[in-house]
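In our numbering, the protein residues as written are 5 to 574. Note sheet for the following structure.
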């Protein structure tokens with residue numbers, strides 16, 4: 005027990021004020037604070053705030069105390085006051101002992117004047133044995149210098165604010181704990197030799213978890229930065245939440261937080277992005293979306309990135325974040341472009357003979373018309389008729405030559421641009437007209453005018469359509485129907501669809517699942533390379549679309565090319 009009741013009470017007062025300054029949010033102390041405040045106001049002359057509370061309780065007991073059976077009065081006021089103080093001190097001691105944190109008081113030399121009983125579980129020494137020992141003797145050697153600097157700064161400071169630090173402290177058994185120390189000066193006149201009072205709290209578990217979390221974040225960050233891929237995390241408002249080194253290099257500078265995401269996000273289909281941001285997403289909607297984006301790196305070199313975007317939703321199925329993962333696909337893209345060019349030139353070689361025949365026909369008509377006009381030069385009506393026929397045949401020849409030129413040139417390094425899908429289909433039909441006619445196959449175009457424009461290249465879509473037309477011809481089909489339409493689904497964005505249906509033998513079921521893989525072909529040996537449909541799929545995917553194949557119930561093959569529309573109409 006403490007030596008003098010008033011001194012002990014003042015010490016407890018400072019200890020409690022330090023505790024309340026640090027853990028005032030503890031629910032059980034709220035009622036105590038109210039009681040302390042109201043009682044202190046009612047008994048301003050008592051010895052300290054806590055004595056006011058206990059004194060009030062004792063005074064109430066005195067008023068209600070019964071007289072002794074012999075009729076004598078209760079003990080004198082001094083004795084009752086002492087009894088009240090002893091009862092009060094017992095209650096305060098019980099309250100201090102019930103607190104899980106350790107309350108302490110230090111003198112000017114940094115020695116413990118007091119520590120609550122929980123110091124035994126914290127440092128392995130009892131509250132009686134620790135009195136007189138130095139606080140720094142329990143601080144781990146790694147933090148002794150830092151703790152000493154804080155102690156010196158505190159000794160010369162006149163601030164009454166509560167301070168907070170975390171030190172490593174060593175138990176008597178050598179166990180190191182992370183301890184949060186909250187301390188401050190006592191009230192003037194109530195020091196009883198104490199220059200600092202405060203609270204010790206064991207935060208080892210919290211510190212360890214925080215350190216593990218920090219280490220895990222650093223590990224993940226190193227993985228993200230060392231992956232070689234562009235990684236970007238944005239919130240639902242498209243503000244950057246995480247961006248790795250590759251993205252910052254691509255953006256040319258670190259920039260301001262939250263800026264620069266548009267160079268990646270703008271490649272995502274606006275309709276998909278709008279649906280993600282405005283609607284609850286079902287499980288089947290939380291699927292990755294892939295697209296290709298051409299970007300300039302820090303050196304100004306054009307790079308092609310294959311980007312995957314995936315939504316991250318919360319418990320309410322609403323979008324919280326979007327993860328973008330971009331892989332530099334420039335080398336593979338260049339190799340595939342070379343393969344596309346080789347396939348296009350091979351197709352061009354196959355068409356050379358039929359194109360020559362197509363050009364020979366209008367030239368023969370022109371020659372015959374000229375001869376007829378020369379034989380009757382005075383017949384103005386005849387000459388005019390022949391000139392109109394010559395003009396029509398020249399236009400036909402020019403159209404064939406232009407289609408051939410566009411197809412032979414390809415897209416090159418030209419950036420994707422809005423184009424008319426129907427024009428690409430017509431160009432492919434014109435270039436293959438002679439070959440399909442010679443093979444006895446009729447093409448029936450059912451093209452809808454006024455569809456939205458697609459984003460890509462006319463020549464590339466022509467290459468896809470020529471490949472599908474030639475495949476149907478080689479399979480022995482007699483009729484080929486090519487139709488276009490705008491597919492409108494309630495839960496999906498509209499798509500431009502090109503359907504290609506033939507009446508040939510269809511696709512063998514064993515081949516169908518692998519049809520768009522490289523080196524898969526149904527043609528005889530030496531006839532096909534097995535790369536045509538693989539190239540078609542790559543071209544369509546670069547435009548943000550899909551291509552699929554099935555067998556028709558009535559016989560023949562059914563191909564569907566689906567492309568996302570741009571905002572503009574033709």
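Even glycine gets a Cβ: it sits at the ideal position worked out from N, Cα and C.
Reduced DSSP secondary structure (H/G/I, E/B, other) of residue i
i: residue 154; result: helix
i: residue 306; result: strand
i: residue 514; result: coil
i: residue 482; result: coil
i: residue 132; result: coil
i: residue 520; result: coil
i: residue 107; result: strand
i: residue 322; result: coil
i: residue 162; result: coil
i: residue 389; result: helix
i: residue 383; result: coil
i: residue 402; result: helix
i: residue 112; result: coil
i: residue 298; result: strand
i: residue 555; result: strand
i: residue 178; result: coil
i: residue 435; result: helix
i: residue 290; result: coil
i: residue 246; result: strand
i: residue 84; result: helix
Local Cβ density within 10 Å of residue i, reported as buried at 16 or more and exposed below that
i: residue 384; result: exposed
i: residue 452; result: exposed
i: residue 388; result: exposed
i: residue 29; result: Residue confidence is low: residue 29 scores 37 on pLDDT, short of 50, so the model does not pin down where it sits. Its coordinate-derived value is still stated next. So residue 29 counts as exposed.
i: residue 338; result: exposed
i: residue 560; result: buried
i: residue 206; result: buried
i: residue 146; result: exposed
i: residue 446; result: exposed
i: residue 149; result: exposed
i: residue 41; result: The predicted model places residue 41 with a pLDDT of 36, which falls under 50 and marks its position as unreliable; any figure quoted below should be read in that light. So residue 41 ends up on the exposed side.
i: residue 505; result: buried
i: residue 507; result: buried
Minimum C-alpha distance to residue i - residue among the options
i: residue 124; options: 111, 555, 142, 110; result: 142
i: residue 488; options: 201, 454, 134, 310; result: 454
i: residue 419; options: 325, 299, 519, 436; result: 299
i: residue 120; options: 153, 201, 188; result: 201
i: residue 4; options: 558, 211, 109, 318; result: Residue 4 lies beyond the stretch modelled for the chain, which goes from 5 to 574, so this question has no answer here.
i: residue 159; options: 189, 435, 137; result: 189
i: residue 321; options: 286, 272, 335, 292; result: 286
i: residue 171; options: 225, 183, 163, 254; result: 183
i: residue 501; options: 429, 445, 536, 479; result: 429
i: residue 520; options: 509, 249, 545, 245; result: 545
i: residue 4; options: 246, 219, 216; result: One cannot answer for residue 4 here, as it falls past the ends of the chain, which runs 5 to 574.
i: residue 273; options: 426, 251, 448, 314; result: 314
i: residue 448; options: 422, 552, 482; result: 482
i: residue 473; options: 443, 203, 490; result: 443
i: residue 251; options: 311, 203, 281, 275; result: 311
i: residue 210; options: 492, 175, 181, 439; result: 181
i: residue 235; options: 329, 168, 275, 178; result: 329
Residue i to residue j span [Cα, whole Å]
i: residue 1; j: residue 499; result: Lying outside 5 to 574, the shown extent of the chain, residue 1 is not represented and no answer is given.
i: residue 295; j: residue 268; result: 10 Å
i: residue 122; j: residue 114; result: 19 Å
i: residue 233; j: residue 517; result: 30 Å
i: residue 213; j: residue 225; result: 18 Å
i: residue 513; j: residue 563; result: 15 Å
i: residue 471; j: residue 433; result: 11 Å
i: residue 304; j: residue 253; result: 11 Å
i: residue 558; j: residue 503; result: 16 Å
i: residue 394; j: residue 306; result: 47 Å
i: residue 110; j: residue 208; result: 23 Å
i: residue 457; j: residue 278; result: 20 Å
i: residue 464; j: residue 332; result: 22 Å
i: residue 497; j: residue 334; result: 29 Å
i: residue 575; j: residue 241; result: There is no way to answer for residue 575, as the model of the chain reaches only from 5 to 574.
i: residue 164; j: residue 271; result: 58 Å
i: residue 283; j: residue 565; result: 27 Å
i: residue 231; j: residue 248; result: 9 Å
i: residue 426; j: residue 281; result: 33 Å
i: residue 7; j: residue 139; result: Note that residue 7 has pLDDT 38, beneath the 50 cutoff, so the model's placement of it is unreliable and no number is given.
i: residue 157; j: residue 167; result: 11 Å
Cβ of residue i within 8 Å of any chain D Cβ
i: residue 279; result: Considering every chain present, this structure includes no chain D. It has just one protein chain.
query = Can you list, in chain order, the stretches of the alpha helix (DSSP H) that have 4 or more residues and sit fully within the stretch 439 to 510?
reply = 462 to 478
query = In chain order, which continuous runs of the beta strand (DSSP E) of length 3 or greater are located wholly inside the stretch 193 to 243?
reply = Within the stretch 193 to 243, the complete beta strand (DSSP E) runs of at least 3 residues are 200 to 206, 234 to 239.
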